[in-house]
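**Q**
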Amino acid sequence: MIKHIEELIKSKLNILEIKIADFTANHQNHKTYDSGGHYQAIIISEDFEGLSLLERHKKIYDILGDLMKKEIHAFSMKTYTPQEFNTLNEK
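Numbering that gives the first Met the number 0 applies: residue 0 is where the sequence shown begins, and numbers increase by one.
1) Is the separation between the beta-carbon of Phe47 and that of Thr86 shorter than 9 Å?
2) Could you give the distance in angstroms between the alpha-carbon of Gly64 and the alpha-carbon of Ala24?
3) Is it the case that the Cβ atoms of Phe84 and Glu16 are separated by a distance below 9 Å?
4) What is the rounded straight-line gap between the Cα of Lys77 and the Cα of His3?
5) Measure the C-alpha to C-alpha separation of Glu70 and Gly49 and round it to an integer number of angstroms.
6) Identify the residues that DSSP records as bridge partners of Tyr79: which are they?
7) Does the Cβ of Ser51 have 16 or more other Cβ atoms within 10 Å, making it buried, or fewer, making it exposed?
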């Protein structure tokens, strides 16, 4: 599923880097778990330039679309422009 998510996002955005971790196994024993993956992502794209955090996340959720109904239960993300990411690494 990670590869599918990456390819889907890359098909819609100019991605400099994307890393997705799968934490589904941490949730499968929960009483309320009823399927769907739990993912965390770091996404670096020039397409985030000038967008608020909310607009960036909305853009990703729009790309994921119907996957959010069943295949993906939770998708947390950190979204950066290349400049923002480079500034983080300089600290």
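Beta carbons: idealized from backbone N, C-alpha and C, even for Gly.
**A** Result, derived from the coordinates:
1) Indexing the sequence shown from 1 puts residue 47 at position 48. Indexing the sequence shown from 1 puts residue 86 at position 87. No, the Cβ-Cβ distance between Phe47 and Thr86 is not below 9 Å.
2) As a working note, residue 64 is residue 65 in the sequence shown. As a working note, residue 24 is residue 25 in the sequence shown. Taking the straight line joining both Cα atoms gives about 23 Å.
3) As a working mapping, residue 84 is identified with position 85 in the sequence shown. As a working mapping, residue 16 is identified with position 17 in the sequence shown. Cβ distance < 9 Å, so Phe84 and Glu16 count as in contact.
4) Within the sequence shown, the letter at position 78 stands for residue 77. Within the sequence shown, the letter at position 4 stands for residue 3. Cα to Cα, Lys77 sits roughly 19 Å from His3.
5) Counting from one through the sequence shown, the residue named residue 70 turns up at place 71. Counting from one through the sequence shown, the residue named residue 49 turns up at place 50. Rounded to the nearest whole angstrom, the C-alpha separation of Glu70 and Gly49 is 30 Å.
6) Taking the sequence shown and counting its residues from 1, one reaches residue 79 at position 80. Tyr79 is bridged to Ile43.
7) Counted from its first residue, the sequence shown places residue 51 at position 52. Exposed, by the Cβ-count rule.
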